[in-house]
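**Q** Numbering (the numbering used here), first residue to last: 287 to 445.
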Amino acid sequence: VANSCCDTKPVTTTDIAPKSKPQSRWIRVWHSTWKDFKQVLPYLFVGILLGSMIYGFIPTDLIVKYAGEAKWYAIPVAALIGIPLYIRAEAVIPLSAALVQKGMAMGSVMALIIGSAGASLTEVILLKSLFKNQMIIAFLAVILSMAMTAGFLYSYVFG
C-alpha cells in the first residue's frame, strides 16, 4: 500500500505501530491476580482485625460459662462462637486442652473446632465480596449444622 500517488515505498505495520514484545501469559495472569487481591485486601484486613479482637479479648472463662458441662445450649453456643474465630491448626490443640481443663464439655470443644475450621469471619468477608448474601447464609448454615451435629454426636457417643 502506498502513502500517496507518487510514493512507491509500501507502508508496513511496523511503520504504523511500534514493535512491542507480546506480554507473557503468566505476566497477564499475575497482573489480573494482583488486581483481584487489591480489591479484596480491605475486606481481609477488617476480618483479620475483628477475628484478632475476638480471639484476644474474649476471656476463656466467659466461653466456658456458656459452653460448659451439662448445659443444653453449650454445643450451639460453641459452634456459634467458633464460626467468627480464626483458629489456626497449630492453636487448636493447646486451645482445646485449656478449654477442657477449665470445664468446657468435649462436645462443645468439637463444635468450636469444627465451627472455627469451617468458617472464619475473614473467610465470610472474603466470600461476601464474591457471592450473594443467600449463598453466604447457606454456607454458614451448613457449617453451623455440621459443627452442632458433630458436637452432639461426640457428646452422645463419648459423653
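Backbone N, C-alpha and C define an ideal beta-carbon position, used for all residues, glycine too.
(1) From the DSSP output, which residues share a beta bridge with G245?
(2) In three-state terms, what does DSSP make of Q309?
(3) Assign L381 to one of three DSSP states: helix, strand, or coil.
(4) Using the Cβ count rule (16 or more neighbours within 10 Å means buried), how would you classify Y372?
(5) Would you say A356 and A364 are within 9 Å of each other, going by their C-beta atoms?
(6) Quick test of your reading: M421 and I361, contact by CB under 8 Å. State the CB separation rounded to the nearest angstrom.
(7) Helix, strand or coil: how does DSSP classify Y442 here?
**A** Inspection of the coordinates gives the following:
(1) Because residue 245 is not part of the residues shown, which for the chain are 287 to 445, the question remains open.
(2) Here residue 309 refers to the residue found at position 23 when the sequence shown is read from its first residue. Here DSSP, grouped into helix, strand and coil, assigns Q309 to coil.
(3) For the purposes of this step, residue 381 is taken as the residue at position 95 of the sequence shown. DSSP places L381 in helix when its eight states are reduced to three.
(4) Taking the first residue of the sequence shown as 1, we reach residue 372 at position 86. Buried, since its Cβ has 16 or more Cβ neighbours within 10 Å.
(5) The residue labelled residue 356 in the question sits at position 70 within the sequence shown. The residue labelled residue 364 in the question sits at position 78 within the sequence shown. Contact: no.
(6) Taking the sequence shown and counting its residues from 1, the one referred to as residue 421 is at position 135. Taking the sequence shown and counting its residues from 1, the one referred to as residue 361 is at position 75. Not really, about 25 Å apart at Cβ, beyond 8 Å.
(7) Working through the sequence shown from its first residue, we reach residue 442 at position 156. Of the three classes helix, strand and coil, the one that applies to Y442 here is helix, per DSSP.
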